[in-house]
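Engineer: Reminder that position 75 of the sequence shown reads as 99 in the numbering used here, one-by-one numbering, no gaps.
Even for Gly, the Cβ is constructed at its ideal location relative to N, Cα and C.
I have a structure I would like to understand better, so I am pasting it below and will then ask my questions one at a time.
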Amino acid sequence: MKILTVIGARPQFIKAAALSRILMNEHEEIIVHTGQHYDENMSDIFFNQLNIPKPKYNLNVGSGTHEYQTGKMLIEFGKIFDIENPDLVLVYGDTNSTLAGALCASKRLVPVAHVEAGLRSFNMAMPEEQNRILTDHISKYLFVPTQTAENNLKKEGIVEGVYNTGDIMCDSFKLFSSIAEEKSGILEELGIKSEYILSTIHRAENTNDLSRLKNIIEALNESKYDIVLPLHPRTKKIIENNSMELKSHIKVIEPVGYLDMLKLENNSLKIVTDSGGVQKEAYFAGKPCITMRDETEWVETVECGWNLIVGTDVEKIVDALNNFNPKSERINLFGEGDTANKIVNIISEMTK
Ligand code: UD1
Ligand code: UDP
């Protein structure tokens, strides 16, 4: 079967790294990179380090408004569909690349497979929530990572084609953690000798609202621990443009590749983030996670006590940075790291 895989943003490269290597053994996979992320350390580094097959097409869409990005991708996808005539389109997660790929397939009556389906924050102001709901409703195969995601779909009347396969990021984490431990020299490069908290900030709800971003920076400035902050280019630009000051215990670095990121996660004291993927990786790594959002899609990590939702309240963040420590044992929430195999088996079986 000819499968057209759509990727375009950092977390999608990491998910594809686990799935493509198995998918390509059984099917013809054509990878389309939308070009949503394009900096070397937001894109190429993942292909080079994680052995992701080279995309056959790059739409080079770049940055812009949501409607520009989605619209331009749609038009460019149309041209590729004309050439390739795929049997199935595979999309990941909840970015503009996800929605555009799914929408083009749906218009062309090509079945869509959505990996990481069913997640909900119940906050429609988030671009990701809009993308994931729309994508789920036009997908034929919905690979959900958790029971909660399956239940969310059921409430929206989606029951057919739903498969609980576990979380594909668990596969990536397991595949690359020991390689990262061995190969990454990031701790030495940064001269890290003491305990540190790892942080990432990039979500639109935190970066586009200056008062929220200022609160976050104020809280990080008050941490009693050192902070390592690989900064997404979106956040970097806003911090610089608004002359926000970060104290010297915060080590701001460029975005890092996945191997360095795993090394930083696995050796940290705690993780403070607004990222979806990093919340889960904190759990995989057994690190307390502090989430600077008002809600999360990964509710299981909160319910079992390893993830604390603090929004952007300065006092709550500082208190969590200095004092939050989970009391419960971790349980298996996201599967065994065999999600890629399960997904490929289902696709092969259903499309025979
Ligand atoms: C996107 C996703 C978000 C996901 C994130 C992963 C949408 C709506 N959002 O957010 O769900 O969590 O990717 O990281 O799809 N930029 C660069 N270089 C790059 C890429 C981006 O400088 O290689 C800057 C540009 O100024 C751009 C800004 O970052 O305007 C935002 O990029 P964009 O792709 O629109 O959204 P993300 O915040 O990356
Ligand atoms: N990540 C990375 N380098 C970084 C920051 C994040 O490799 O500098 C990885 C991280 O380990 C996780 C993924 O990117 O696998 C999460 O992507 P991001 O936070 O950009 O998006 P989200 O998951 O919130 O959609």
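Would you say the beta carbon of His-138 is closer than 8 Å to some non-hydrogen atom of the ligand UD1?
Structural biologist: Here residue 138 is taken as the residue at index 114 of the sequence shown, counted from 1. His-138: no, Cβ never under 8 Å from the ligand UD1.
Engineer: Just to check my reading of the structure: Val-113 and Val-134 have Cβ atoms closer than 8 Å, yes? What is that Cβ distance to the nearest angstrom?
Structural biologist: Here the question's residue 113 lines up with position 89 in the sequence shown. Here the question's residue 134 lines up with position 110 in the sequence shown. Yes, Val-113 and Val-134 are in contact; Cβ-Cβ is about 5 Å, under 8 Å.
Engineer: Report yes if the C-beta of Ala-33 is less than 8 Å from at least one heavy atom of the ligand UDP; otherwise report no.
Structural biologist: What you label residue 33 is simply residue 9 of the sequence shown in a count that begins at 1. Ala-33: yes, Cβ under 8 Å from the ligand UDP.
Engineer: Looking only at C-alpha atoms, which of Leu-270, Gly-88, Asp-106 sits nearest to Arg-258?
Structural biologist: To locate residue 258, count along the sequence shown from 1; it is residue 234. Comparing Cα positions, the closest option is Gly-88.
Engineer: Can you list, in chain order, the residues of its chain with a C-beta nearer than 6 Å to that of Tyr-81? Leave out the 5 residues immediately preceding and following it.
Structural biologist: The sequence position of residue 81 within the sequence shown is 57, counting from 1. These residues qualify, in order along the chain: Val-56, Ile-104.
Engineer: May I ask you to report which of helix, strand or coil DSSP gives Lys-131?
Structural biologist: Residue numbering aside, residue 131 sits at position 107 when the sequence shown is read from its first letter. In the structure shown, Lys-131 sits in a helix (DSSP, three-state: H, G or I).
Engineer: Which value, in whole angstroms, describes the spacing of the CA atoms of Lys-207 and Leu-214?
Structural biologist: By 1-based counting over the sequence shown, the position of residue 207 is 183. By 1-based counting over the sequence shown, the position of residue 214 is 190. One C-alpha to the other measures close to 15 Å.
Engineer: Do Ala-309 and Ser-201 come within 9 Å of each other at the CB atom, strictly closer than that value?
Structural biologist: As a first step, residue 201 must be located in the sequence shown, where it is residue number 177. As a first step, residue 309 must be located in the sequence shown, where it is residue number 285. In this structure, Ala-309 lies closer than 9 Å to Ser-201 by Cβ.
Engineer: Check whether the region 173-185 and the region 145-162 touch, using three or more Cβ-Cβ pairs below 8 Å as the test.
Structural biologist: Touching, per the Cβ criterion.
Engineer: Once you ignore the five residues that flank Leu-47 on each side, which residues in its own chain have a CB closer than 6 Å to its CB?
Structural biologist: On the sequence shown, residue 47 is found 23 positions in, with the first residue counted as 1. Same-chain partners within the cutoff: Glu-53, Val-368.
Engineer: Roughly how many angstroms lie between the CA atoms of Asp-343 and Tyr-249, to the nearest whole one?
Structural biologist: Taking the first residue of the sequence shown as position 1, residue 343 is located at position 319. Taking the first residue of the sequence shown as position 1, residue 249 is located at position 225. Each residue's Cα considered, the two are about 12 Å apart.
Engineer: Can we say the region 332-343 touches the region 236-244, given the rule of at least three CB pairs closer than 8 Å?
Structural biologist: Short answer: they touch.
Engineer: According to DSSP, Val-276 sits in a beta bridge with which residue or residues?
Structural biologist: If you number the sequence shown from 1, residue 276 lands on position 252. Note: Val-276 sits in a beta bridge opposite Leu-253.
Engineer: Verify the contact flag: Arg-227, CB atom, against every heavy atom of the ligand UD1, threshold strictly below 8 Å.
Structural biologist: Position 203 of the sequence shown, counted from the first residue, corresponds to residue 227. True, at least one ligand heavy atom lies under 8 Å from that Cβ.
Engineer: Consult DSSP for Glu-353 and reduce its assignment to one of helix, strand or coil.
Structural biologist: In the sequence shown, residue 353 corresponds to position 329, counting from 1. Glu-353: coil per DSSP, three-state reduction.
Engineer: Does any heavy atom of the ligand UD1 sit closer than 8 Å to the C-beta of Pro-254?
Structural biologist: Walking along the sequence shown from the start, residue 254 turns up at place 230. Checking the Cβ of Pro-254 against the ligand UD1 gives no.
Engineer: Are Thr-224 and Thr-297 close, meaning C-beta to C-beta below 9 Å?
Structural biologist: In the sequence shown, the residue the question calls residue 224 occupies position 200. In the sequence shown, the residue the question calls residue 297 occupies position 273. Closer than 9 Å, so yes.
Engineer: Under three-state DSSP, which class holds Ser-223?
Structural biologist: As a working note, residue 223 is residue 199 in the sequence shown. Strand, per DSSP.
Engineer: Rounded to whole angstroms, what is the Cα-Cα separation between Ala-129 and Leu-283?
Structural biologist: Your numbering for residue 129 matches position 105 in the sequence shown. Your numbering for residue 283 matches position 259 in the sequence shown. C-alpha separation (whole angstroms): 33 Å.
Engineer: Go ahead and label Ala-243 buried or exposed: buried means 16 or more other beta carbons lie within 10 angstroms of its beta carbon, across all protein chains shown.
Structural biologist: Counting from one through the sequence shown, the residue named residue 243 turns up at place 219. Its Cβ being crowded by 16 or more others within 10 Å, Ala-243 is buried.
Engineer: With a CB to CB cut of under 8 Å and the five nearest residues on each side skipped, what residues in its chain are close to Leu-199?
Structural biologist: For the purposes of this step, residue 199 is taken as residue 175 along the sequence shown, with counting starting at 1. Here the set comprises Ala-41, Ala-42, Gly-361.
Engineer: Please report the distance separating the alpha-carbon of Gly-359 from that of Ser-267.
Structural biologist: As a first step, residue 359 must be located in the sequence shown, where it is residue number 335. As a first step, residue 267 must be located in the sequence shown, where it is residue number 243. Gly-359 and Ser-267: Cα-Cα distance of roughly 43 Å.
Engineer: Got a sec, what are the start and stop residues for the beta strand (DSSP E) Val-113 sits in?
Structural biologist: Along the sequence shown, read from residue 1 onward, the residue named residue 113 stands at position 89. It spans 112-116 - the beta strand (DSSP E) in which Val-113 sits, taken as one unbroken run.
Engineer: Please state the DSSP three-state secondary structure of Asn-82.
Structural biologist: For the purposes of this step, residue 82 is taken as residue 58 along the sequence shown, with counting starting at 1. In the structure shown, Asn-82 sits in a strand (DSSP, three-state: E or B).
Engineer: Can you give the Cα-Cα distance for Gly-300 and Leu-83, rounded to whole angstroms?
Structural biologist: Translated into positions along the sequence shown, residue 300 becomes position 276. Translated into positions along the sequence shown, residue 83 becomes position 59. Taking the straight line joining both Cα atoms gives about 25 Å.
Engineer: Using the three-state DSSP reduction, which class does Val-334 fall into: helix, strand or coil?
Structural biologist: Residue mapping note: residue 334 aligns to position 310 of the sequence shown, counting from 1. Looking at Val-334 - three-state DSSP - the assignment turns out to be coil, as it is neither helix nor strand.
Engineer: If you draw a straight line from the C-alpha of Leu-211 to the C-alpha of Met-66, how long is it?
Structural biologist: Sequence index remark: in the sequence shown, residue 211 carries index 187 (1-based). Sequence index remark: in the sequence shown, residue 66 carries index 42 (1-based). So the alpha carbons of these two residues sit roughly 20 Å apart.
Engineer: Quick check: does the Cβ of Tyr-282 come within less than 8 Å of any heavy atom belonging to the ligand UD1?
Structural biologist: Position 258 of the sequence shown, counted from the start, is the residue given in the question as residue 282. False, no ligand heavy atom lies under 8 Å from that Cβ.
Engineer: Do you know offhand how far Thr-99's Cα is from His-138's?
Structural biologist: Position 75 of the sequence shown, counting from 1, holds the residue named residue 99. Position 114 of the sequence shown, counting from 1, holds the residue named residue 138. In the sequence under discussion, the amino acid at residue 99 is Ile, which differs from the Thr named in the question. Distance between the alpha carbons of Ile-99 and His-138 is about 21 Å.
Engineer: Between Glu-64, Lys-26, Glu-91, Leu-123, which lies nearest to Glu-50 when the distance is taken from Cα to Cα?
Structural biologist: Numbered from 1 along the sequence shown, position 26 holds the residue referred to as residue 50. Considering only alpha carbons, the answer is Lys-26.
Engineer: For a minimum of 4 consecutive residues, which ranges assigned as the alpha helix (DSSP H) are wholly contained in the region 260-312?
Structural biologist: 282-290, 300-309, all fully within the region 260-312.
Engineer: For the ligand UD1, any of its heavy atoms closer than 8 Å to the Cβ of Glu-152?
Structural biologist: Residue 152 sits at position 128 when you count from the first residue of the sequence shown. Yes, the Cβ of Glu-152 comes within 8 Å of a heavy atom of the ligand UD1.
Engineer: Does the distance between the C-beta of Pro-391 and the nearest non-hydrogen atom of the ligand UD1 fall short of 8 Å?
Structural biologist: In the structure displayed, the chain extends from 25 to 376; residue 391 sits before or after that span and is not available.
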